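Engineer:
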Amino acid sequence: MPSSSKPEPAKGSLKTLLGLFPFLKPYGRQFLLAGLALIVAATATLAIPYAFKQMIDLGFGANGIGGGKSTLHIDLYFLALFGVACILGVATAARFYMVSWLGERVTADLRSAVYAHVVTQSPQFFETTKTGEVLSRLTTDTTLIQTLVGTSISMALRNALLFAGGLVMLFVTSVKLSSIIIVMLAAVVLPIVFYGRRVRKLSRESQDRVADASALAGEILNAMPTVQAFTHEDIEARRFGTSVERAFHTAMQRIRARSVLTLMAILLVFGAIVFVLWLGAHAVVQGSMSGGDLGQFILYASLVAGSIGALSEVLGDTQRAAGATDRLLELLSAQSPVQSVLLPETLPPRTANGAALQLNDIVFHYPSRPDSSALEHLSLDIRPGETIAVVGPSGAGKTTLFQLLLRFYDPQQGNIRLDGVDIRYLSLTALRGAIGIVPQDTVIFSENALENIRFGRANASDEEVIAAAKMAAAHEFIERLPQGYQSFLGERGVRLSGGQRQRIAIARAMLKNPPLLLLDEATSALDAESERLVQSALEAAMVGRTTLVIAHRLATVQRADRIIVLEHGRIVETGTHAALIAANGLYAGLAALQFNTD
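Per our numbering, the very first residue in the sequence shown carries number 644; after that it's consecutive.
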């Protein structure tokens, strides 16, 4: 990232909250309406102590009851007080509605923005970031921000207005007593602010521990068959329990610190106020202050003290939200090393034979393994309509080749051209739209069979989906499902066999109908009968397109136009099956091992 002379805010600091401004800016009108309602409510609240003073001095004092005033005069004061209460109620309800709407709206926008950004990240991002942690940030952290926007900001402004207004009215009532109380409040606020820093740090740690527990749970729940096969249920339950306990202990540290902060705020602030009120009581006895003045001073002092206590409470919520914002902004600031160019080139019109592909002197190593080359000076020229099989021992670079073709990563050296266009100058949408893939580990979504196949082309009709399923030999078993194509396939396709999941993936790729087809062990999970059916369908699907096939089972690639043999990221042999057997090299050795044991 480019260097900057501007210092970054500390993690979890309140300055971090400025990062939320782009999400708040579109709703300036709603904030304005909420602010107006807040000002009206605060003004009404500040008017109540003055009304009480008037009632005490004019209604119940020397000129009040028994002093010549009529009951009508008293009734007017109470009606006025009720009117103030009505204004307060309406304004408070309006403020609550507006800020609650803002909290929900901003949180929804933030969740959508973070998710939309995360799904554009390259696989490099997910090498170092757990999906469970991302989910925790999308749920727990955004809920904290919802509390901030929907409650805490409003409460902070309300209490700030009450504090300022109450302070002014205190001085109007008694300059002497107000001066004393201000000096004392200044003395007690400093330790509160100092201790608040500890609460902020513990808030961040608490959120991190919750995210750790969520990440662990997500990982284990997605691997339950393996966990149960190795009878690790108790072990994993204890691991999760330990993680939850760590989160609990960290949360308790935060709660204890926040409790102490609240105790300090209440005791110190109210202690100062009680002392000043004691002085005021003596002033009434001495006749230098009226009973109404003291009553008004007490109410305004209570408002000031209450607002300080509420502000300290809000500060705790704000500090937690700052930590949450910091974590979300980390996700939003993550930049994928693989980006579409601003002015992308376009692919030439598709030909009847498929796409041409050239790989020129490709050198690549994974960012997490910079000292180990996955592909080393690899060059390959593939003609339109050609079927190329890629074979080699595990770790030779076969899957890496597919990842570079899809631009999940960019090579450190060399370039890849699709129909003569460097794929780095194509938009990612155009590039990946021209490629269909059947991966070795088939992903089945929590949808019905129809939608799982339609994932290959979102605008495909039901008839086109069914036609693709028939080509992939998937139609028959789908029809036998309880609700046919409307059958829910279970999370990660648990209701299907491995071979059935593979055929769903093949149907998905056929529906996409791309000029370049990548098959990564496309028939590896099929039994002999299903493999025969799917192999026939794949051969039909290969017509009119360029196909690259990764296969460990060499029997599936014997009819390829060319076989590329990889070892340690290099092409060590090229030719037809017969020619490579005759060459008696690495391919011949792999073939001998398989065919002699089959």
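Ideal placement from N, C-alpha and C gives every residue a C-beta, glycine not left out.
All of these numbers come straight from a predicted model, not from anything done at the bench.
1. Where do the ends of the beta strand (DSSP E) carrying Q1056 lie?
2. Pull the bridge partners of L1000 from the DSSP assignment, please.
3. G726: which of G966, V749, Q982 and A694 sits nearest, CA to CA?
4. Output yes or no for whether 8 Å exceeds the beta carbon distance between G923 and L813.
5. Would the beta-carbon of A1152 fall within 8 Å of that of G1063?
6. Please work out which residues of its chain come closer than 7 Å, Cβ to Cβ, to G808, disregarding the five sequence neighbours upstream and downstream, and give them in chain order.
7. Bridge partners of G1218, per DSSP?
8. By a C-beta neighbour count over all protein chains shown, 10 Å radius and 16 as the cutoff for buried, is G1142 buried or exposed?
9. Return yes when the Cβ of N1003 is within less than 8 Å of the Cβ of R1040, no when it is not.
10. Using the three-state DSSP reduction, which class does D595 fall into: helix, strand or coil?
11. Going by Cα to Cα distance, which pick from I1121, Y1009 and E973 is closest to G662?
12. What span of residues does the alpha helix (DSSP H) with V683 cover, start to end?
13. Anyone know if the C-beta pair for Q1129 and N1102 falls short of 8 Å?
14. Report all residues from its chain with a CB closer than 6 Å to the CB of I1005; omit the five preceding and five following residues, and keep chain order.
15. Whole alpha helix (DSSP H) runs in the region 1069-1115 with 4 or more residues, listed along the chain?
16. Mark S822 as exposed unless 16 or more other C-beta atoms lie within 10 angstroms of its C-beta, in which case mark it buried.
17. Quick one: complete alpha helix (DSSP H) runs, 4+ long, within the region 1120-1164?
18. May I have the straight-line CA-CA distance separating A890 from T874, to the nearest angstrom?
19. So, is H593 buried or exposed, given that buried needs 16 or more other C-beta atoms within 10 angstroms?
20. Checking 8 Å against the spacing of the C-beta atoms, do A1111 and L1154 come in under that value?
21. Which complete alpha helix (DSSP H) runs does the region 908-984 hold, if anything under 4 residues is left out?
22. If you measure between the beta carbons of L1229 and L1191, is that distance less than 8 Å?
23. Going residue by residue through the region 770-805, where are the continuous beta strand (DSSP E) segments of at least 3 residues, counting only ones entirely within it?
24. Along the chain, where does the alpha helix (DSSP H) that runs through L1044 open and close?
25. Run through the DSSP bridge pairs and tell me what A756 is partnered with.
26. Where does R1194 sit, in a helix, a strand or coil, going by DSSP?
27. Which term fits P665, buried or exposed, when burial requires 16 or more other beta carbons within 10 angstroms of its beta carbon?
28. In its own chain, which residues sit with a C-beta less than 8 Å from the C-beta of L754, not counting the 5 before and 5 after it?
29. Tell me whether the beta-carbon of V903 lies closer than 8 Å to the beta-carbon of A948.
30. Hey, would you say A964 sits closer than 8 Å to L745, going by beta carbons?
31. Looking at the structure shown, is F664 part of a helix, part of a strand, or coil, going by DSSP?
32. Whole angstroms is fine: what's the gap from G709's alpha carbon to L731's?
33. I'd like to confirm the pairing. Which residues does DSSP put opposite F1007 in its beta bridges?
34. Tell me the residue span of the beta strand (DSSP E) that contains A866.
35. Using alpha carbons as the reference points, say which of V957, G997, L937 and G930 lies closest to A799.
36. Determine the burial state of Y758: buried for a count of at least 16 other Cβ atoms within 10 Å of its Cβ, exposed for fewer.
Structural biologist: Walking through what the data contain:
1. The residue given as residue 1056 occupies position 413 in the sequence shown. Element bounds for Q1056: Q1056 to L1061.
2. Counting from 1 along the sequence shown, the entry for residue 1000 is found at position 357. Partner(s): I1025 and L1061.
3. Along the sequence shown, read from residue 1 onward, the residue named residue 726 stands at position 83. Of G966, V749, Q982 and A694, the residue nearest in Cα terms is A694.
4. Within the sequence shown, residue 923 is the residue found at index 280, counting from 1. Within the sequence shown, residue 813 is the residue found at index 170, counting from 1. Contact: no.
5. For the purposes of this step, residue 1152 is taken as residue 509 along the sequence shown, with counting starting at 1. For the purposes of this step, residue 1063 is taken as residue 420 along the sequence shown, with counting starting at 1. In this structure, G1063 does not lie closer than 8 Å to A1152 by Cβ.
6. As a position in the sequence shown, residue 808 is number 165, starting the count at 1. If we look at G808 and ignore the five residues flanking it on each side, its Cβ neighbours are A685 and L689.
7. Counted from its first residue, the sequence shown places residue 1218 at position 575. Partner(s): I1206.
8. If you number the sequence shown from 1, residue 1142 lands on position 499. Answer is buried; the Cβ neighbour count reaches 16.
9. For the purposes of this step, residue 1040 is taken as residue 397 along the sequence shown, with counting starting at 1. For the purposes of this step, residue 1003 is taken as residue 360 along the sequence shown, with counting starting at 1. Sequence check: residue 1040 is Gly here, not Arg. No. Outside cutoff.
10. The requested residue 595 is not part of the displayed model; the chain covers only 644 to 1241.
11. To locate residue 662, count along the sequence shown from 1; it is residue 19. Measuring from the Cα of G662, the nearest candidate turns out to be E973.
12. Taking the sequence shown and counting its residues from 1, one reaches residue 683 at position 40. V683 -> alpha helix (DSSP H) spans G671 to Q697.
13. Here residue 1129 refers to the residue found at position 486 when the sequence shown is read from its first residue. Here residue 1102 refers to the residue found at position 459 when the sequence shown is read from its first residue. In this structure, N1102 does not lie closer than 8 Å to Q1129 by Cβ.
14. Taking the first residue of the sequence shown as position 1, residue 1005 is located at position 362. Taken in chain order, the residues that qualify are L1018, L1021, P1054 and G1057.
15. 1071-1076, 1092-1097 and 1105-1114
16. Counting from one through the sequence shown, the residue named residue 822 turns up at place 179. Counting Cβ neighbours within 10 Å, S822 comes out exposed, since fewer than 16 surround it.
17. 1141-1155
18. The sequence position of residue 890 within the sequence shown is 247, counting from 1. The sequence position of residue 874 within the sequence shown is 231, counting from 1. The straight-line gap from Cα to Cα measures roughly 26 Å.
19. Outside the modelled stretch of the chain, which goes from 644 to 1241, sits residue 593, for which no answer is possible.
20. Along the sequence shown, read from residue 1 onward, the residue named residue 1111 stands at position 468. Along the sequence shown, read from residue 1 onward, the residue named residue 1154 stands at position 511. Yes, the Cβ-Cβ distance between A1111 and L1154 is below 8 Å.
21. 934-976
22. Along the sequence shown, read from residue 1 onward, the residue named residue 1229 stands at position 586. Along the sequence shown, read from residue 1 onward, the residue named residue 1191 stands at position 548. No, they are not a contact pair.
23. none
24. Counting from 1 along the sequence shown, the entry for residue 1044 is found at position 401. From DSSP, the alpha helix (DSSP H) with L1044 extends over K1041 to L1048.
25. Counting from one through the sequence shown, the residue named residue 756 turns up at place 113. Looking at the DSSP assignment, A756 forms no beta bridge with any residue, so it has no partner.
26. The residue given as residue 1194 occupies position 551 in the sequence shown. The amino acid occupying residue 1194 in the given sequence is Ala; Arg does not appear at that position. Reduced to three states, the DSSP call for A1194 is coil.
27. What you label residue 665 is simply residue 22 of the sequence shown in a count that begins at 1. Label assigned to P665: exposed.
28. The sequence position of residue 754 within the sequence shown is 111, counting from 1. According to the sequence as given, residue 754 is Arg; it is not Leu. Excluding sequence neighbours, R754 sits near L781 and T785.
29. In the sequence shown, the residue the question calls residue 903 occupies position 260. In the sequence shown, the residue the question calls residue 948 occupies position 305. No. Outside cutoff.
30. As a first step, residue 964 is located in the sequence shown; it is residue number 321 there, counting from the start. As a first step, residue 745 is located in the sequence shown; it is residue number 102 there, counting from the start. The answer is no: Cβ separation not under 8 Å.
31. Start at 1 with the first residue of the sequence shown, and residue 664 comes out as number 21. Here F664 sits in helix by DSSP.
32. Mapped onto the sequence shown, residue 709 falls at position 66. Mapped onto the sequence shown, residue 731 falls at position 88. At G709, the pLDDT of 46 sits below 50, so the modelled position is not reliable; the number obtained from the coordinates is stated separately. Roughly 32 Å separates the two Cα atoms.
33. For the purposes of this step, residue 1007 is taken as the residue at position 364 of the sequence shown. In DSSP, F1007 forms a bridge with L1018.
34. For the purposes of this step, residue 866 is taken as the residue at position 223 of the sequence shown. It is not in any beta strand (DSSP E) - A866 carries neither H nor E in the DSSP assignment.
35. Along the sequence shown, one-based indexing puts residue 799 at 156. For A799, the nearest C-alpha among the options comes from V957.
36. Along the sequence shown, read from residue 1 onward, the residue named residue 758 stands at position 115. Its Cβ having fewer than 16 others within 10 Å, Y758 is exposed.
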